[in-house]
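Q: Have a look at this one before I ask anything.
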Ligand SMILES: Cc1cc2nc3c(=O)[nH]c(=O)nc-3n(C[C@H](O)[C@H](O)[C@H](O)COP(=O)(O)O)c2cc1C
Ligand code: SF4
């Protein structure tokens, strides 16, 4: 057995791979061999490390120095200077914007992990996702063992309930409560579904969790199965997530080989296995009942609720649907206790949240922070602020169906209740930052284009409402809107919120409603033929009256 004096972790998450991480890794391995270090230094492909915009990224351990924006030709310097002589290659080191002036010693001092608290991403970027041994060495499958051998199903449900964990798929519904509806039902078959559809534009956290730590989801699904009495799991995953699918398949196969999936797990008589099903790219199929319809081979259209899936879901059987990030919290809660989890985040929303930061923000990528952190801390702290000397205009939290929050909300705590009070949502965790060079009408027009395209068309308020809203914002952007445009928009939004059948139509107007609260003057100026940001191509000649 070899003992390595250094490990180089190469981020093999999709964003880094798209930026050439494969070629960087090949060059690194070649240079290590050329230097005769192959018995001393081990190169490991790992999951997402977080600073996606700065890829390809590697981390050299034991020092924990992260290098970013790497090119294959730079690998010889890293090998010759760092790995052979122990000297950090300063100009290639990743540094959070605020730390740029300081000399670098370790990952923590690079500012990268500042304010972050990693529960969900505990293994991402730290272990090889294809190695069940590394997962087990880091405490993997211990929670499943603990649940099966020392806890009753009722105790597992009670622990999750006591932890206060709320669903991370969007609605924030308490997970333990959801499980407690399904657990007591007597049924010949129950299902656990992991919702990995992730159709929200700008959201890619579930993809990177699955790429970086697939076993944590398998373990969590088995624990959920034990808690509610289900022996079958299904991961419904977005079809384009090729790497996540491959790693998940390999992980499930290894878990089966070691008896951690299948029959009589840990010799307790508990059976659980899972299958992976791919979605075809419809945003609405992430809605749990549309997802179930799709799994049943039907068109992915939402069902009327009740009955809820927990009572009558897949094939009419009790079905728990949970998001990837929700599930990733389960093993640590079982291992470390509900009280431990409650000690992180806020009283009403314990734990952490994984955000994908994008738009006009310096450090784009994936972060995990305690619930209750303010927008200001995320944007100007972890996010490194707004680039190019521009000012902050708004942040959209929760994805396309979230609200548009102006600078007055920068000190708002990020949790389900605070954001809902402000007219926005925590949603899927997409955080879109928009600087003052953008026009609110142009932004809303692009949101509405998305919803018009993704509405399944089943109910009139959403089918017609999204199309009309897109038309009205296109008219405003072109300077062709009538004097009553804003009033019409307000009425349409209200109708959609009150009478659409599912969450898509009900929440599609959220961005518009908040924009009308905080940016109405700018919108009204478009009615008068003016775009204050100078973005819209307004043609005064063709305005409607
Ligand atoms: C239009 C629409 C799309 C959704 N997309 C997703 C998705 O991609 N992933 C997800 O986990 N939940 C999605 N949801 C929420 C699910 O319906 C459901 O609430 C969630 O999967 C439950 O898991 P949780 O309790 O762990 O959050 C979506 C909801 C709506 C209305
Ligand atoms: S609200 Fe929209 S997406 Fe949902 S059922 Fe109605 S038409 Fe379909």
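In the working numbering, the protein residues as written are 385 to 929.
In this text, a Cβ means the ideal position worked out from N, Cα and C, and glycines have one as well.
The model shown is predicted, which means the values in this text are computed figures rather than measured ones.
Going residue by residue through the segment 553 to 633, where are the continuous beta strand (DSSP E) segments of at least 3 residues, counting only ones entirely within it?
A: Listed in chain order, they are 575 to 580 and 616 to 622.
Q: With DSSP run on the structure shown, which of helix, strand or coil describes residue 776?
A: Strand at residue 776.
Q: Mapping the DSSP letters down to three states, classify residue 744 as helix, strand or coil.
A: Three-state DSSP puts residue 744 in coil, outside helix and strand.
Q: Sorted by chain position, which residues of the same chain lie with C-beta nearer than 6 Å to residue 717's C-beta, five sequence neighbours on each side aside?
A: Closer than 6 Å at the Cβ level, and outside the excluded window around residue 717, lie 547 and 725.
Q: With a threshold of 8 Å on Cβ separation, who are the neighbours of residue 920 within its own chain once the five nearest residues in sequence on each side are excluded?
A: Closer than 8 Å at Cβ, skipping near neighbours: 823, 825, 826, 860, 861, 862, 863 and 910.
Q: Does the beta carbon of residue 732 come closer than 8 Å to any beta carbon on chain C?
A: Judged by its chain identifiers, the structure shown contains no chain C, having just a single protein chain.
Q: On the premise that residue 846 lies in contact with residue 889, defined as a C-beta separation below 8 Å, what is that separation, rounded to the nearest angstrom?
A: 3 Å between Cβ atoms; contact.
Q: Nearest-angstrom Cα distance between residue 781 and residue 668?
A: Going from the Cα of residue 781 to the Cα of residue 668 covers about 19 Å.
Q: Given a cut-off of 8 Å on the beta-carbon distance, is the pair residue 501 and residue 728 in contact?
A: Cβ atoms of residue 501 and residue 728: closer than 8 Å.
Q: According to DSSP, simplified to helix, strand and coil, what is residue 938?
A: The shown model of the chain, from 385 to 929, leaves out residue 938, and the question about it has no answer.
Q: Could you name the residues of the same chain whose beta carbon sits closer than 6 Å to that of residue 801, not counting the 5 residues immediately before and after it, in chain order?
A: So the qualifying residues of the chain are 732.
Q: Which residues in the same chain have their Cβ closer than 6 Å to the Cβ of residue 470, if we skip the five residues on either side of it in sequence?
A: Correct list: empty, nothing qualifies.
Q: Residues in its own chain within less than 6 Å of residue 925 by CB, not counting five upstream and five downstream?
A: The predicted model places residue 925 with a pLDDT of 44, which falls under 50 and marks its position as unreliable, so this point remains unresolved.
Q: Considering only heavy atoms of ligand 2, does any lie closer than 7 Å to the CB of residue 955?
A: This structure cannot speak to residue 955, because the chain is shown only from 385 to 929.
Q: Taking all protein chains shown into account, do 16 or more other C-beta atoms lie within 10 angstroms of the C-beta of residue 485, making it buried, or fewer, making it exposed?
A: Confidence in residue 485 is poor, its pLDDT being 44 and thus under 50, which makes the residue's placement too unreliable to answer from.
Q: Mind checking residue 415: buried by the 16 CB within 10 Å criterion, or exposed?
A: Flag for residue 415 reads buried.
Q: Does the segment 846 to 857 come close enough to the segment 619 to 630 that 3 or more CB-CB pairs lie under 8 Å?
A: Segments in contact, no.
Q: Inspect the CB distances between the segment 773 to 791 and the segment 430 to 449 and report whether three or more fall short of 8 Å.
A: No: fewer than three Cβ pairs fall under 8 Å.
Q: Check whether the segment 634 to 642 touches the segment 538 to 558, taking contact to mean three or more Cβ pairs, one atom from each stretch, closer than 8 Å.
A: These segments do not touch.
Q: Under the three-state reduction of DSSP, which class applies to residue 791: helix, strand or coil?
A: Residue 791 falls in the helix class under three-state DSSP.
Q: Just tell me which of 423, 473 and 531 has its CA closest to the CA of residue 444.
A: Nearest C-alpha to residue 444: 473.
Q: Would you mind sorting residue 767 into buried or exposed? The rule is 16 or more other CB atoms within 10 Å of its CB.
A: By the 10 Å Cβ count, residue 767 comes out buried.
Q: Candidates 776, 620 and 530: which alpha carbon is nearest residue 705's?
A: Comparing Cα-Cα distances from residue 705 to each of 776, 620 and 530, the minimum goes to 620.
Q: Quick one, are the C-beta atoms of residue 403 and residue 440 less than 8 Å apart?
A: Yes, Cβ-Cβ distance for residue 403 and residue 440 is below 8 Å.
Q: Quick check on the DSSP output: what are the complete beta strand (DSSP E) runs of length 3 or more inside the segment 801 to 861, in order along the chain?
A: List check, beta strand (DSSP E) in window: 814 to 819.
Q: Could you please give the first and the last residue of the uninterrupted alpha helix (DSSP H) stretch that includes residue 898?
A: 894 to 902 is the extent of the alpha helix (DSSP H) around residue 898.
Q: Leaving out the 5 sequence neighbours to the left and right, which residues in its chain are closer than 6 Å to residue 655 when beta-carbon positions are compared?
A: Same-chain partners within the cutoff: 615 and 647.
Q: For residue 387 versus residue 438, is the C-beta distance shorter than 8 Å?
A: Going by C-beta atoms, residue 387 is not nearer than 8 Å to residue 438.
Q: Within the continuous beta strand (DSSP E) that includes residue 519, where are the two ends?
A: Not the beta strand (DSSP E): residue 519 falls in the alpha helix (DSSP H), residues 516 to 521.
Q: Using the Cα positions of residue 804 and residue 589, report the straight-line distance between them to the nearest angstrom.
A: About 21 Å.
Q: When DSSP builds the beta bridges, which residues end up paired with residue 657?
A: For residue 657, which the question treats as bridged, DSSP gives the partners 616.
Q: Quick check: residue 679 and residue 618, are their CB atoms within less than 8 Å of each other?
A: Yes, the Cβ-Cβ distance between residue 679 and residue 618 is below 8 Å.
Q: Classify residue 912: buried if its beta carbon has 16 or more other beta carbons within 10 angstroms, exposed otherwise.
A: Classification of residue 912: exposed, given that the 10 Å Cβ count is below 16.
Q: What number of angstroms, rounded off, separates the C-alpha of residue 525 from the C-alpha of residue 603?
A: Their Cα atoms are separated by approximately 6 Å.
Q: What did DSSP end up calling residue 728 once you bin it into helix, strand or coil?
A: Coil.
Q: Going by alpha carbons, who is nearest to residue 455 out of 409, 778 and 764?
A: Here the closest residue by C-alpha is 409.
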